[in-house]
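The structure under discussion appears below in the form of structure tokens.
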Amino acid sequence: MTLTVGIIGAGRIGKIHVDNLRGIPRLRVKSVSDVAIGHLESWAKERQIEVLTTSYLDILNDPEINAVFICSPTNTHANIIKEAAAAGKHIFCEKPVSFTVEETEEALAAVEKAGVKLQVGFNRRFDPNFRKIRELVQDGKVGQPHILRITSRDPEPPSVDYIKSSGGLFMDMTIHDFDMARYIMGSEVVEVSATGAVLVNPAIGEAGDIDTAIITLKFANGALGVIENSRRAAYGYDQRLEVLGDKGAAQADNNRANTVELSTAESVSKEKPLYFFLERYTQAYTNEVTEFATAILENKPVSCSIFDGLQAERIANAAKKSLAIGAPVQLQLVGQSATV
7 MTLTVGIIGA
17 GRIGKIHVDN
27 LRGIPRLRVK
37 SVSDVAIGHL
47 ESWAKERQIE
57 VLTTSYLDIL
67 NDPEINAVFI
77 CSPTNTHANI
87 IKEAAAAGKH
97 IFCEKPVSFT
107 VEETEEALAA
117 VEKAGVKLQV
127 GFNRRFDPNF
137 RKIRELVQDG
147 KVGQPHILRI
157 TSRDPEPPSV
167 DYIKSSGGLF
177 MDMTIHDFDM
187 ARYIMGSEVV
197 EVSATGAVLV
207 NPAIGEAGDI
217 DTAIITLKFA
227 NGALGVIENS
237 RRAAYGYDQR
247 LEVLGDKGAA
257 QADNNRANTV
267 ELSTAESVSK
277 EKPLYFFLER
287 YTQAYTNEVT
297 EFATAILENK
307 PVSCSIFDGL
317 QAERIANAAK
327 KSLAIGAPVQ
337 LQLVGQSATV
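Residue numbers (our numbering): 7 to 346.
Pasting the structure below:
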């Protein structure tokens with residue numbers, strides 16, 4: 007079997023996926039759609055993409071295409087998911103699935119009804135370092151987990167225009183960390199407390215958002231978590247994680263251009279962290295699309311489901327509410343899930 011793929015949205019992340027998909031055996035990237043497709047003709051020709059179109063419906067209506075990648079703006083995700091599921095296409099969707107839990111629940115119902123696979127693009131799950139920490143926790147190497155600490159800081163803030171359409175810090179940036187918290191700890195979040203400030207760019211505050219935050223979490227298994235975010239770290243992309251348990255601790259440090267450390271009488275120095283997510287998570291982006299393709303070709307479960315996307319959104323909404331009311335917000339466990 008050859009897996010034939012169509013890409014919906016040819017911005018930065020869509021182009022990354024095209025390049026990574028082309029290296030997977032038994033996979034063919036046939037079509038790319040984008041509302042501004044005209045300037046991509048030479049790019050597409052170099053990558054042997056057969057069809058360019060301004061309408062994603064051309065991809066959904068193509069009987070040769072087995073799977074689609076939804077890389078368009080977030081406010082289009084839920085509707086395209088429902089249409090793609092109805093067309094019998096397997097789906098890879100960038101995060102978040104939508105800006106509202108209700109829309110994501112509708113998309114989840116459509117995917118389940120159609121019996122197609124859907125993987126959400128929480129790429130950090132596929133980072134070798136973070137995955138190793140998850141394995142150590144699952145194998146009991148740190149014992150019973152007590153504390154999770156996640157540090158996530160961008161090298162510079164996005165544009166204010168982006169902020170206005172991003173869904174806010176918790177839905178745009180911290181949502182990766184909310185997913186990582188569930189992934190690493192193997193337990194649902196049952197309480198969220200968030201505090202935030204505008205310390206990087208006053209214009210972000212004027213746009214109704216924050217750029218600096220600390221979030222504390224309580225898990226169903228009794229463990230505690232701390233996430234801290236900043237839209238600007240002058241030294242690069244700061245991505246660290248630590249789990250403390252009753253038998254020990256596991257840590258993942260920043261990735262750097264090299265591991266050389268120079269020690270002299272004056273100082274000890276080493277390279278700064280890699281600059282941003284494209285450099286830091288290069289391998290993770292490759293791994294996530296490879297595992298998605300394998301899940302389809304070998305009929306296996308996806309590694310990050312739409313349910314995982316829904317749970318991360320629920321935590322993000324709880325954080326937003328906590329910030330607004332200045333108090334912790336409880337998430338009620340329903341079966342194996344947590345709802346506000």
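Just so you know, even glycine gets a beta-carbon here, dropped at the ideal spot from N, CA and C.
Query                                                                                                                                    : Result
Whether residue 119 touches residue 91 by CB criterion (9 angstroms)                                                                     : yes
Chain-order list of residues whose beta-carbon lies under 8 angstroms from that of residue 46 (same chain, five-residue window excluded) : 16, 38, 40 and 58
Separation of residue 293 from residue 133, as counted between CA atoms                                                                  : 8 angstroms
Residue 346 - DSSP class collapsed to helix/strand/coil                                                                                  : In this predicted model, residue 346 has a pLDDT of only 47, less than 50, meaning its place in the structure is not dependable enough to derive any value.
Residues that residue 74 bridges to, as DSSP identifies them                                                                             : 12 and 97
Residue 235 vs residue 135 beta-carbon contact at 9 angstroms                                                                            : no
Contact check, residue 308 vs residue 88, beta carbons under 9 angstroms                                                                 : no
Beta-carbon separation (whole angstroms), residue 302 vs residue 117, contact threshold 8 angstroms                                      : That pair is no contact at about 14 angstroms.
Three-way DSSP call (helix, strand, coil) for residue 157 in this model                                                                  : strand
Residues of its chain near residue 267, where Cβ-Cβ distance is below 6 angstroms and the 5 sequence neighbours each way are ignored     : 276
Same chain only: Cβ atoms within 7 angstroms of residue 242, ignoring 5 sequence neighbours per side                                     : 161, 278, 279, 280 and 281
Cα-Cα separation, residue 27 to residue 310                                                                                              : 18 angstroms
Strand pairing of residue 244, partner residues [DSSP]                                                                                   : 159
Proximity below 9 angstroms, CB of residue 174 to CB of residue 214                                                                      : yes
Distance between residue 105 and residue 71 (C-alpha atoms, nearest Å)                                                                   : 28 angstroms
Burial state of residue 153 (16 or more Cβ within 10 Å)                                                                                  : exposed
Integer-rounded CB distance, given that residue 156 should sit under 8 angstroms from residue 186                                        : 6 angstroms
Selected residue, minimal CA-CA separation from residue 305, among 182, 237, 121 and 109                                                 : 121
Bridge partners - residue 202, DSSP secondary structure assignment                                                                       : 219
Exposure of residue 333, with buried meaning 16 or more beta-carbon neighbours within 10 Å                                               : exposed
Pairwise C-alpha distance: residue 179 and residue 346                                                                                   : In this predicted model, residue 346 has a pLDDT of only 47, less than 50, meaning its place in the structure is not dependable; the value taken from the coordinates is given anyway. Going by the C-alpha atoms only, they are around 20 angstroms apart.
Three-state secondary structure assigned by DSSP to residue 225                                                                          : strand
Residue 177 vs residue 79 beta-carbon contact at 9 angstroms                                                                             : no
Rounded straight-line distance, which links the Cα of residue 283 to that of residue 19                                                  : 11 angstroms
Nonlocal neighbours in the same chain, by C-beta distance under 7 angstroms from residue 226, ignoring five residues either side         : 193, 194, 196 and 339
Exposed unless 16 or more other CB atoms sit within 10 angstroms - verdict on residue 203                                                : exposed
For residue 270 and residue 317, the rounded distance between their alpha carbons                                                        : 48 angstroms
Residues bridged to residue 39 (per DSSP)                                                                                                : 14 and 59
C-alpha gap between residue 4 and residue 240, whole angstroms                                                                           : Residue numbering for the chain in the displayed model covers 7 to 346; residue 4 lies beyond these limits and cannot be assessed.
Proximity winner among 329, 249 and 218, relative to residue 229 (alpha-carbon distances)                                                : 249
C-alpha distance - residue 251 paired with residue 188, whole-angstrom precision                                                         : 16 angstroms
Own chain residues within Cβ distance below 7 angstroms of residue 286, not counting five before or after                                : 243, 245, 261 and 280
Residue from 321, 258, 76 and 108 with nearest C-alpha to residue 21                                                                     : 76
Buried versus exposed call for residue 330 [16 or more other C-beta atoms within 10 Å across all chains shown]                           : exposed
Contact belief for residue 190 with residue 140 at Cβ below 8 angstroms, rounded distance in angstroms                                   : 5 angstroms
Outcome for residue 94 when other beta-carbon atoms lying within 10 angstroms are tallied against a minimum of 16                        : exposed
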